[in-house]
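Note sheet for the following structure.
Numbering (my numbering), first residue to last: 16 to 118.
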């Protein structure tokens, strides 16, 4: 697993290149998890961010790129989490999905 600098994550979140509608899925423990996928700076690079229901901080879960998928478990700070909340709402509106409001 490679480490991704927080500044790189912040740039990706700030650029707000949302890929498709936000998803609601169940994690292996059976908890509902929100997923938002943003496109990275490099071709074919996708960043999956997740938020467990009842939590307020988003987490960088994985990065997909040409050589596969790197798993991450980095919880983001308040400002990035607030930005991802906003992007989640925009993506849901843009793609016509009605998801339950964030906690």
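Heads up, the beta-carbon is just placed ideally off N, CA and C, and yes, glycines get one too.
Based on DSSP bridge pairs, tell me the residues matched to residue i.
i, result
"residue 56", "DSSP output for residue 56 lists no bridge partner at all."
"residue 47", "41"
"residue 89", "75"
"residue 61", "54, 79"
"residue 28", "The partner list for residue 28 (beta bridge, DSSP) is empty, contrary to what the question assumes."
So, are the CB atoms of residue i and residue j less than 8 Å apart?
i, j, result
"residue 73", "residue 91", "yes"
"residue 106", "residue 48", "no"
"residue 102", "residue 31", "yes"
"residue 67", "residue 46", "yes"
"residue 81", "residue 59", "yes"
"residue 51", "residue 99", "yes"
"residue 110", "residue 36", "yes"
"residue 78", "residue 70", "no"
Under the three-state reduction of DSSP, which class applies to residue i: helix, strand or coil?
i, result
"residue 105", "helix"
"residue 12", "The chain is shown from 16 up to 118; residue 12 falls before or after that span and cannot be answered."
"residue 84", "strand"
Check: Taking one C-beta from the segment 23 to 34 and one from the segment 53 to 65 each time, how about it: are there three or more such pairs within less than 8 Å?
Finding: yes
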